Structures are given as C-alpha cells and as structure tokens.
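Trainee:
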Amino acid sequence: SGVPHEVHIYPGCSHAFMNTSPEAVKRRKEMGLTDENQAAIDLAWSRFSTWMGRFLGSA
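Everything in the sequence shown is counted per our numbering, starting at 11 for the first residue and increasing by one.
The following block contains the structure:
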C-alpha cells in the first residue's frame with residue numbers, strides 16, 4: 011500500500027495496555043485482563059514517539 015508502518019507485538023499485554031488511566035486499568039481488571047508490564051508500556055511509548063517524530067517532526 012506504500013504507507014509507512016511498523017507492527018510490534020507485546021506478549022502478555024492486552025488491547026490498550028498503554029492507557030494507564032484509572033478508568034482503563036479498572037476496566038481491564040474487570041475483564042480479567044492483566045498487563046501491568048511497565049517495561050512494555052515504556053518501550054511502546056518510546057517506539058510510538060520515535061515513529062511519530064520521524065513522520066510528523068518534533069514538537
């Protein structure tokens with residue numbers, strides 16, 4: 011398709027694992043999902059920031 015993209019899989023992490031707001035954490039726990047993997051969250055945010063900076067420029 012010619013669209014730049016990257017795919018990363020974070021084993022043991024569920025959908026929206028980067029959203030650490032109290033409401034998101036509560037909902038995941040209610041659904042039986044556990045993804046309190048701070049290393050994965052930090053890595054995902056770092057990759058996201060790098061990717062966005064590459065294509066949108068720095069803020």
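Don't be surprised by glycine CBs; every beta carbon is placed ideally from N, CA and C. The structure displayed is predicted, hence computed values, not measured ones.
Report, in whole angstroms, the separation of the C-beta atoms of Ser24 and Leu43, which I expect to be a contact under 8 Å.
Mentor: So it is a contact: roughly 4 Å between Cβ atoms.
Trainee: Beta-carbon separation of Ala49 and Arg38 under 9 Å?
Mentor: In this structure, Arg38 does not lie closer than 9 Å to Ala49 by Cβ.
Trainee: Alpha carbons only, please: which of Leu66, Phe58 and Ala34 is nearest the one belonging to Glu16?
Mentor: Closest option to Glu16, Cα to Cα, is Phe58.
Trainee: Alpha carbon to alpha carbon, how far is Pro21 from Ala34? Give it in angstroms, no decimals.
Mentor: Their backbone Cα atoms lie some 19 Å apart in a straight line.
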